[in-house]
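Numbering-wise, the sequence shown is residues 3 to 115 according to the working numbering. Notes to accompany the following structure.
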Amino acid sequence: MRKMRTLKKNYEFQNVLNKGKFYIGKQITIYIMPSREDANRIGIAISSKAYHAVKRNEIKRKIRENYRLLANDLKKGYHIVFLWNKKVPVEQLDFHIISQDMKYIFSKAGILV
């Protein structure tokens, strides 16, 4: 299994959040910024004030898995940051809604092949 390339440093997240374009879905918001790299790098940010660690990690797992399923259909050379909509209760967390959000947002952004 190939390892997913991620954004790790705070300044990398801040750069994407400040300079990237954002798209809003039902459960997630995605910030996308072009980069000079030959692969996509992703970051996932969920507020620690919103949920306990177990719920945050569950959200992250579902976002990562949905991204993994779509990764081969995306253009390369972007930094992507996923944010969870705090107004959505974690009880409404749904794998398929996240998948629909990602497909819709990536096609709207023009990076879905």
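Heads up, the beta-carbon is just placed ideally off N, CA and C, and yes, glycines get one too.
Simplified DSSP assignment, three categories, for residue i
i   : result
A41 : coil
M6  : coil
L95 : coil
Other residues of its chain near residue i: CB distance less than 7 Å, five sequence neighbours each side excluded
i   : result
K78 : D40, A41, N42
P36 : G79, Y80
Residue i, enclosing beta strand (DSSP E) - first and last residue
i   : result
V83 : 80 to 86
K23 : 23 to 26
Where residue i falls, given that 16 or more other Cβ within 10 Å makes a residue buried
i   : result
M6  : exposed
Q29 : buried
N68 : buried
G22 : buried
I26 : exposed
Identified DSSP bridge partners for residue i
i   : result
A47 : L85
L19 : BP columns for L19 are empty, so no partner.
Residue range of the alpha helix (DSSP H) that includes residue i
i   : result
Y33 : Unbroken run through Y33 is the beta strand (DSSP E), 30 to 36; no alpha helix (DSSP H).
N59 : 55 to 72
Contacting residues, own chain, Cβ-Cβ under 8 Å from residue i (five flanking each side not counted)
i   : result
R38 : G79
Residues of its chain near residue i, where Cβ-Cβ distance is below 6 Å and the 5 sequence neighbours each way are ignored
i   : result
T34 : The residue you asked about is not Thr; residue 34 is Ile in the sequence shown. Contacts found: G22, K23, Y80, I82, A111.
R63 : none
Any C-beta of chain D under 8 Å from that of residue i
i   : result
L85 : Any reference to chain D falls outside this structure, which holds one protein chain only.
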